[in-house]
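Only one structure is covered here, and it is reproduced in the block below.
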Amino acid sequence: MKKSEANTYKTYGWFSNIIYNMKSTRAWDKKLFYSQLVPVIPNVAGTYLGALLPAEMVRGLENRWDIKELILYIFLLALGICLAQILVEVSGNYIWGNGDKLTLYYEKICSHKIMSLDYDRLEDPECGKLIGNTWNVMRNTYGFRDSLQAIPVGLSNLLGVIWYGMVIGQKSFLIVVLAIVNAVISMKLLGIARKKHSGLHEKIGVYTKESSYISKQSMDRAVGKDIRIYQMADWFLKKYDQSLKGSEGILRKIRNGYFISVSTDALMVFILNCFSYIYLISLLLKGELAVSAFVLYIGLIRNFSSYFNSLMEKIADLDPLVVAMNYIRNFLDLEESPGWSKAGIGEAALSRIKEEGICVEFKNVSYYYPGKEEAALSDVNLVIKTGERLALIGLNGAGKTTFAKLLCGFYRPNKGEILINGIPISDFKRTEYFELISVLFQDTTLLPLTLDYNLTCEEPDQIDRKRLEAVLKLSGVYEKYESLPEKGDTLLVREVNEEATDFSGGERQKMLFARALYKRARLMILDEPTAALDPIAENEMYMSFATAAVGKTCLYISHRLSSTRFCDRIILMEHGRITEEGTHEELMAMDSRYAELYEMQSKYYKEQDERRMRSAAMEDVFEEQGESKEAFYE
Numbered sequence: 238m239k240k241s242e243a244n245t246y247k248t249y250g251w252f253s254n255i256i257y258n259m260k261s262t263r264a265w266d267k268k269l270f271y272s273q274l275v276p277v278i279p280n281v282a283g284t285y286l287g288a289l290l291p292a293e294m295v296r297g298l299e300n301r302w303d304i305k306e307l308i309l310y311i312f313l314l315a316l317g318i319c320l321a322q323i324l325v326e327v328s329g330n331y332i333w334g335n336g337d338k339l340t341l342y343y344e345k346i347c348s349h350k351i352m353s354l355d356y357d358r359l360e361d362p363e364c365g366k367l368i369g370n371t372w373n374v375m376r377n378t379y380g381f382r383d384s385l386q387a388i389p390v391g392l393s394n395l396l397g398v399i400w401y402g403m404v405i406g407q408k409s410f411l412i413v414v415l416a417i418v419n420a421v422i423s424m425k426l427l428g429i430a431r432k433k434h435s436g437l438h439e440k441i442g443v444y445t446k447e448s449s450y451i452s453k454q455s456m457d458r459a460v461g462k463d464i465r466i467y468q469m470a471d472w473f474l475k476k477y478d479q480s481l482k483g484s485e486g487i488l489r490k491i492r493n494g495y496f497i498s499v500s501t502d503a504l505m506v507f508i509l510n511c512f513s514y515i516y517l518i519s520l521l522l523k524g525e526l527a528v529s530a531f532v533l534y535i536g537l538i539r540n541f542s543s544y545f546n547s548l549m550e551k552i553a554d555l556d557p558l559v560v561a562m563n564y565i566r567n568f569l570d571l572e573e574s575p576g577w578s579k580a581g582i583g584e585a586a587l588s589r590i591k592e593e594g595i596c597v598e599f600k601n602v603s604y605y606y607p608g609k610e611e612a613a614l615s616d617v618n619l620v621i622k623t624g625e626r627l628a629l630i631g632l633n634g635a636g637k638t639t640f641a642k643l644l645c646g647f648y649r650p651n652k653g654e655i656l657i658n659g660i661p662i663s664d665f666k667r668t669e670y671f672e673l674i675s676v677l678f679q680d681t682t683l684l685p686l687t688l689d690y691n692l693t694c695e696e697p698d699q700i701d702r703k704r705l706e707a708v709l710k711l712s713g714v715y716e717k718y719e720s721l722p723e724k725g726d727t728l729l730v731r732e733v734n735e736e737a738t739d740f741s742g743g744e745r746q747k748m749l750f751a752r753a754l755y756k757r758a759r760l761m762i763l764d765e766p767t768a769a770l771d772p773i774a775e776n777e778m779y780m781s782f783a784t785a786a787v788g789k790t791c792l793y794i795s796h797r798l799s800s801t802r803f804c805d806r807i808i809l810m811e812h813g814r815i816t817e818e819g820t821h822e823e824l825m826a827m828d829s830r831y832a833e834l835y836e837m838q839s840k841y842y843k844e845q846d847e848r849r850m851r852s853a854a855m856e857d858v859f860e861e862q863g864e865s866k867e868a869f870y871e
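Here the sequence shown stands for residues 238 to 871, where the numbers follow this note's numbering.
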């Protein structure tokens, strides 16, 4: 039995996350990267020149410098301050204009990761929580920009603290000691606030998942009909408001932790300033310090305090980035399941399987969903012969879709193994295995691309036009395809493309049916593919599929039994186990559960046909009498 085990994620170091973000910035935009480094020295130099200027002016007056020399000297100092400020502003403007775009880089690499991540990881609750938190932090694009602005300022502050500390330390070592004590206390409190931030932020993922779901559903056109008919708008808004309030409550606790840290730091800086000023004034009164030096040290201490205070603030400003990097890096570090081989079976063996056809074997296969005590599949033993058409039927919850996902390689058995032509799935590379399979799922998903790309997943110059035409005819959608003004170049999904064309649910299902046929796969799986079709259209699709799938190994999964008549063998599943097996005739001849279900569905369809026939007969009567149906009932 496999239960969901809480994943243990790394907590990366503060500096490690900052360096990682800077490396990512360089990979995304080199100008953005260097804009964080260029202003560091000019910033410190500019403030130092700002403290030096009034001191040098006083020193020049004290020493009775030539007025022209004094003015020139002051002018050069002011010019240096101006140039330094220009460099700082230019870099800051570039970060302001482009910093929020860094989130696009993280969205790109995280989207690539999630599309390549093993499917079972997406359904793991702990992994889902990590994904929710990762996408939540990436939504804060301004947070990324603010962090990029905080980095150059923080580096400037750090350099300023070191430089000014060295200069001030030559005059009073005690002032530097007080500054170090200040730093230790501030960093300790900040560390407590960061730890609290990290712990509380994980809880936001639950509210993020809720609000994202509600937002998505409220904008879905299909759901929009139910929202209006059943007047559910107030419920949606209430739930959304609850999610926002939950997130805000957690964020308030996070902010309170930082408030205590920053307030204590401000008090420590105040004490440091008081001591420094008293000490310098005493030196001035004793005649141990010139007026110009006093002015310089006052400026240095003021800048030192300013840098030190700002450094603590910028460290706090970087904490959201550090938390975000922790989520992103942990998400990107998610390992693929060990079920796939890195070496694979090789091209020769893969080609041989494609030529011979596919035989599937389930050997004592059991599977438990994470966190579930009851098995979704339990000790399943089954062989699907090469070229066999097998129907897998059962009521909802019987384990049919779990069986299909295991066969697709989306899940890994907790017990037993699945073999293809005698080769365990674990011996394949994932790309090798997926070459062998074509699947038509119940869910109809079309991408906002051209119709041809949706049907073939190939570029226009790679499409086999004859094969495409054949599968369109087999799927019953060729006439619709030809009637489109742009034909295969028709864009889909109006939410993305304004000029896109929409199709009905049945048409979309037939389009995806054509896509499944177009792929040259030796194992074909149909998992509840006809839910959007009426029984007649469903039967036509199955007949077409049977014609197109000759020589292929086919698995039909359905709770409708109309798919069973043309299959070589029928498997009935109940509660994750195979309970009955045989041909349609064999199962109908015995007192079987299959026969009971088949008779129930047949009776339902017969009653539908009778109702349609009676309705048509009544229409004929009204027409003969020259009276409308509405008038008759009046």
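All C-beta atoms in this analysis are idealised placements derived from N, C-alpha and C, irrespective of residue type, glycine included.
Legend entry - Closer than 7 angstroms to chain B by CB, A288: Among the protein chains of the structure shown there is no chain B, as only one such chain exists.
Inset, instruction - Spell out the partners DSSP gives R806 in its beta bridges. - result: L627
Inset, instruction - Return the bridge partner residues of C791 from the DSSP annotation. - result: R626 and M761
Inset, instruction - Please go through the same chain and pick out, in chain order, the residues whose beta-carbon is closer than 7 angstroms to the beta-carbon of A288, but skip the five residues on each side of it. - result: L533, G536, L537 and N540
Legend entry - Residue range of the beta strand (DSSP E) that includes N618: L614 to I621
Inset, instruction - Answer with buried or exposed for I255, where buried requires no fewer than 16 other C-beta atoms within 10 angstroms of its C-beta. - result: buried
Inset, instruction - Indicate the three-state DSSP secondary structure (helix, strand or coil) for G659 in the structure shown. - result: coil
Legend entry - Simplified DSSP state of L677, which is helix, strand or coil: strand
Legend entry - Inter-residue spacing [alpha-carbon to alpha-carbon] between S529 and E299: 8 angstroms
Inset, instruction - Can you tell me the Cβ-Cβ gap for S272 and S328, rounded? I've got them flagged as a contact below 8 angstroms. - result: 4 angstroms
Legend entry - With 16 other Cβ atoms within 10 Å as the buried cut-off, status of Q699: exposed
Legend entry - For Y690 and R702, the rounded distance between their alpha carbons: 12 angstroms
Legend entry - Proximal residues to K756 (C-beta, below 7 angstroms), its chain only, five neighbours per side dropped: S675
Legend entry - Cross-strand partners of I487 (DSSP beta bridge): None, per the DSSP bridge assignment.
Inset, instruction - Closer than 8 angstroms by C-beta to L324: which residues in its own chain qualify, once you throw out the five before and the five after it? Chain order, please. - result: V275, P276 and P279
Inset, instruction - Kindly indicate the opening and closing residues of the beta strand (DSSP E) around Y604. - result: V597 to Y604
Inset, instruction - Rank D361, E344 and K247 by C-alpha distance to the C-alpha of K609 and give the top, closest one. - result: D361
Inset, instruction - Output the distance between the C-alpha atoms of A612 and K652, rounded to the nearest integer angstrom. - result: 11 angstroms
Inset, instruction - Find out if the Cβ-Cβ distance for the pair K350, L569 is shorter than 7 angstroms. - result: yes
Inset, instruction - Verify whether the separation of the beta carbon atoms of R376 and D337 is less than 7 angstroms. - result: no
Inset, instruction - Would you mind reading off the limits of the alpha helix (DSSP H) that contains I590? - result: E584 to E593
Inset, instruction - Could you tell me whether the segment 592-604 touches the segment 556-566, using the rule of 3 or more Cβ pairs below 8 angstroms? - result: no
Inset, instruction - Please work out which residues of its chain come closer than 8 angstroms, Cβ to Cβ, to R759, disregarding the five sequence neighbours upstream and downstream, and give them in chain order. - result: I590, K591, G594, I595, L673, K789 and T790
Legend entry - beta strand (DSSP E) segment containing I815, residue limits: R814 to G819
Inset, instruction - Helix, strand or coil for T248, going by three-state DSSP, please let me know. - result: coil
Legend entry - Per DSSP, cross-strand counterpart(s) of T687: L728
Inset, instruction - Please say whether Q679 and E765 have beta carbons closer to each other than 7 angstroms? - result: yes
Inset, instruction - Please report how far the alpha carbon of S720 lies from the alpha carbon of R649, in whole angstroms. - result: 44 angstroms
Legend entry - Element boundaries [alpha helix (DSSP H), containing N734]: Where N734 is concerned, there is no enclosing alpha helix (DSSP H), given that its DSSP letter is neither H nor E.
Inset, instruction - Hey, could you find the ends of the alpha helix (DSSP H) R539 is sitting in? - result: V528 to L569
Inset, instruction - Specify whether the segment 628-639 and the segment 657-666 touch according to this definition: at least 3 beta carbon pairs, one from each stretch, less than 8 angstroms apart. - result: no
Legend entry - Among G743, K440 and I487, nearest to G365 - alpha-carbon criterion: K440
Inset, instruction - Count the other C-beta atoms from every protein chain shown that fall within 10 angstroms of the C-beta of Y444, then say buried if there are 16 or more, exposed otherwise. - result: buried
Inset, instruction - Give every residue of the same chain whose Cβ lies closer than 6 angstroms to the Cβ of Q838, excluding the five residues on either side of it in the sequence, and list them in chain order. - result: L798
Legend entry - Residue span of the alpha helix (DSSP H) that contains Q322, given as start and end: I304 to N335
Inset, instruction - Measure the alpha-carbon distance for E729 versus L619 and round it to whole angstroms. - result: For clarity, residue 729 is Leu in the given sequence; the question names Glu instead. Rounded to whole angstroms, L729 to L619 spans 40 angstroms at the Cα level.
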